[in-house]
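Protein chains: 2
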Amino acid sequence: MGTLSTVADSVAGDAGARRMHERATFEHFVADVRARVDARLAWWLGARVAEARARGTDIAAVADAVRQLVLRGGKRMRAALLAAAYEGCKGQGGAEAVAPAGAALELLQAYLLAHDDWMDGDDVRRGGPSVPAMMRACFGKQEGTVPATGRGQNLIDAASVLAGDLAAAWALQSILELTLAPARVVLAVRELGRVEEDVVHGQVLDVCARAADAYDVEAAYALKTASYTVRCPIIMGARLAGADDAQVVALTAFAEPLGIAFQLRDDVLGTFGDAHAMGKPLGSDLRKGKRTALVVEAMRNPRARELLAGVLGRVEATDDEIAAAVAGIQESGARARVEERIATLVCESRTALDRTHLTPSGLVLLGQAVVVLTERDR
Amino acid sequence: MGTLSTVADSVAGDAGARRMHERATFEHFVADVRARVDARLAWWLGARVAEARARGTDIAAVADAVRQLVLRGGKRMRAALLAAAYEGCKGQGGAEAVAPAGAALELLQAYLLAHDDWMDGDDVRRGGPSVPAMMRACFGKQEGTVPATGRGQNLIDAASVLAGDLAAAWALQSILELTLAPARVVLAVRELGRVEEDVVHGQVLDVCARAADAYDVEAAYALKTASYTVRCPIIMGARLAGADDAQVVALTAFAEPLGIAFQLRDDVLGTFGDAHAMGKPLGSDLRKGKRTALVVEAMRNPRARELLAGVLGRVEATDDEIAAAVAGIQESGARARVEERIATLVCESRTALDRTHLTPSGLVLLGQAVVVLTERDR
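Here the protein sequences line up with chains A and B, keeping their order. Counting from 12, one number per residue, gives the positions in the first sequence under our numbering. Counting from 12, one number per residue, gives the positions in the second sequence under our numbering.
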């Protein structure tokens, strides 16, 4: 027994040490990608804003709002997933070779955030003003002097949408600065075109869902979040490394459940997590009427449904009402069911990962990505 | 004298016959391109809308609005310019080889029109409902049930912007279906990324100009219209044919003045032309407060300035007030000055065309394009 126990401890100790090593490897990799992508974005966006300034101060204001949003934020996790898949598929030249694509993913996100925050009326993003809030600060003074056609949009709405449009154009420009084989670049840009369509589809589902009751929340997550957060980065990285279609299919089977699990974790943290760490007040999704997975699950319970009815989509809901609704979600068992669903998706994703033919370092990096994306606390 | 006169008549007759022949060649070419691009758009958009429908009826509604707008309209002049430049630079396979790029230009325009019409509050486009008007017809009934956050946008605004975003994604997808050499495709898609940025810059100038007085109208036209109407199609076509940088520079010198002349002709027709042929009521630009080249020119004249002040940006301006303002523009000499400017730009463009190294048929086609784009009556 004593001997067996020691062996077991030793095995456990080895496994623990291995996990710590893998975690450190991943963190080092992510930090390296972030440094490269951040450096690239800083000079690249500086050049774009300078060009914009030469064309006019209003243009510069719109361009600079995109620059600020992009540089303010982010763990650059999408760029890291792209670089990890690239490395795992034997891509040459390391993270630097795919930095223009990583930067493109950040610009793609800026485009989506600009339009999203405008649609949702969100003023805060990444701990600073959202794009619409920046546009209000720039153009708010002029608003009163815009000819009132009685039908057209005001300058702030137009500029917010145009800022997103500009970020989308920049994402395309950035990815086309890749110096890899053109045939691979074309396949990677196809992923960009595909994900842009998916995200619009998902956003339509999301926006319309707030007016509807029946709603396939995972279908919307797959399109609106998982697509550009996990699937697109990984498939882009694989395509840029010259992965064949079989490998792309295998990686898609890995990426899709992982992306949904990531968003479900986001839901749980947004409702039960630390508001400060999440960077947005708890209950903000409820007040906005968002049909998160937790809400959809909890609505099946009459008591929770009643509590939620009082807060969903009501900005004026009190903190006490929010707290009661959150407790109702917990007691309905919705939280436990979502946690269970996350575990199932993670299992699917890990099984699919084993069926890919990645390099050992690629397997370690994407295996760690599963942990980081689904077990995070912010 | 009699003999000389006959020779002159004969020369003039030959020149006339040549012009008629060139015109017929051009019209035949444009009709061929239009048939190919229309056929492609019809099946391609049908497939996209079917995919959208499988994801939900709301998604299908947004996708179908884009499809309707694209199929409803247009002379496909941009696709024809692209194919003419391709042929002129010795591209192989004719118009069919570049049809996915021609279709992409149409989708790009749908994206721009959707966002433009939403910003301007325009309900009519190409003789039918604009994208925002279609979205109002679809989602108007639901609007009252959207949770009123007091800050977010309503479903109609969101769906109008999302329809434009979808068309942009489709433009990218379409151009990536080209089966030409990937290195050429990459260069062509770069033009797409560049023109998307230019158009946003131009739109910012345009939207902000309505609140401002000083305004470089040609700079805005170069970015907002000429860029995607003339320069981008021609450079894309050249790049797809493998044209070198010198040829691209020469073609840019041809395309840029032509694009501005095209927009100036549009201004003249929009103010003095046949409302029915133009497809929009005369005075609509004035009522919307648009600073067209004519308006900017006329504002230098105190009398015209006074008349314009009474109608610019005033939807409620009467037809008599509009007629007086239009007469004021004419009398100020603004119309004559704009016509003179068109003639100068056309001359610049023709001179530049002579310095390109196009095939004889390319020279005929682009030479005719100058006539069609700047001497049109609708």
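For every residue, glycine included, the Cβ atom is placed at its ideal position computed from N, Cα and C. Here the structure is a predicted model, which means the values were calculated and not measured.
Query: Between the CA atoms of A/P143 and A/G151 - distance to the nearest angstrom; Result: 11 Å
Query: Backbone secondary structure at A/G139 - three-state DSSP; Result: strand
Query: Proximity of B/D10 and A/V211 at Cβ, strictly below 8 Å; Result: This structure gives no information on residue 10 of chain B, because the portion of chain B shown stretches from 12 to 389.
Query: For B/R137, the nearest candidate out of B/A309, B/D43 and B/G84 (CA to CA); Result: B/G84
Query: Simplified DSSP assignment, three categories, for A/Q274; Result: helix
Query: Residues of its chain near B/A254, where Cβ-Cβ distance is below 7 Å and the 5 sequence neighbours each way are ignored; Result: C100
Query: Chain A residues whose Cβ lies nearer than 7 Å to that of B/H212; Result: A63, R66 and I70
Query: Residue nearest to B/G300 in terms of C-alpha spacing, selected from B/N312, B/L323, B/D278 and B/G284; Result: B/L323
Query: Assumed close pair A/A179, A/Y122 - CB separation to whole angstroms, cut-off 8 Å; Result: 4 Å
Query: Nearest candidate by alpha-carbon position, reference A/E208, set B/V197, B/A199, B/L173 and B/L376; Result: B/L173
Query: Straight-line gap, A/V307 to A/V241 (C-alpha atoms, nearest Å); Result: 23 Å
Query: Status (buried if at least 16 other CB within 10 Å, exposed otherwise) for B/P313; Result: exposed
Query: Where A/Q258 falls, given that 16 or more other Cβ within 10 Å makes a residue buried; Result: buried
Query: Boundaries of the alpha helix (DSSP H) in which A/Y232 is found, first to last residue; Result: V228 to Y232
Query: 8 Å contact criterion, which A/L111 and A/I186 should meet: CB distance rounded; Result: Looking at the sequence itself, residue 111 of chain A is Pro, so the reference to Leu does not match. With 8 Å as the limit, A/P111 and A/I186 qualify as a contact, their Cβ atoms being about 6 Å apart.
Query: Proximity test, Cβ basis, 8 Å: B/Q79 and chain A; Result: no
Query: Distance cut-off 7 Å: B/G339 Cβ against heavy atoms of the ligand COA; Result: This structure simply doesn't include the ligand COA, nor any ligand for that matter.
Query: Terminal residues of the alpha helix (DSSP H) in which B/V197 lies; Result: P193 to A220
Query: Option nearest A/G373 by Cα separation, candidates A/A336, A/A315, A/A304 and A/L262; Result: A/L262
Query: Assumed close pair A/G139, B/L183 - CB separation to whole angstroms, cut-off 8 Å; Result: 30 Å between Cβ atoms; not a contact.
Query: Three-state secondary structure assigned by DSSP to B/P292; Result: coil
Query: Contact residues within the segment 186 to 201 of chain B, judged by C-beta distance below 7 Å to chain A; Result: L187, P193, A194, V196, V197, V200 and R201
Query: Where B/H368 falls: helix, strand or coil (DSSP); Result: coil
Query: DSSP three-state assignment for A/C149, whether helix, strand or coil; Result: helix
Query: Length of the line joining the Cα atoms of B/D127 and B/A26; Result: 43 Å
Query: Cβ distance (whole Å) where A/V381 is taken to contact A/R361 below 8 Å; Result: 6 Å
Query: Short Cβ contact (8 Å threshold) for B/V73 with A/V197; Result: no
Query: Integer Cβ distance of A/W129 from A/D168, believed to fall under 8 Å; Result: 7 Å
Query: Inter-residue CB distance, B/R346 and B/F283 (contact presumed, cutoff 8 Å); Result: 7 Å
Query: Alpha helix (DSSP H) segments (min. 4 residues) lying fully within the segment 88 to 112 of chain A; Result: 88 to 99 and 105 to 108
Query: Cβ-based burial, B/D133 [other Cβ within 10 Å; buried from 16]; Result: buried
Query: Straight-line Cα distance separating A/V228 from B/A58; Result: 25 Å
Query: Range covered by the alpha helix (DSSP H) that runs through B/D331; Result: D330 to E342
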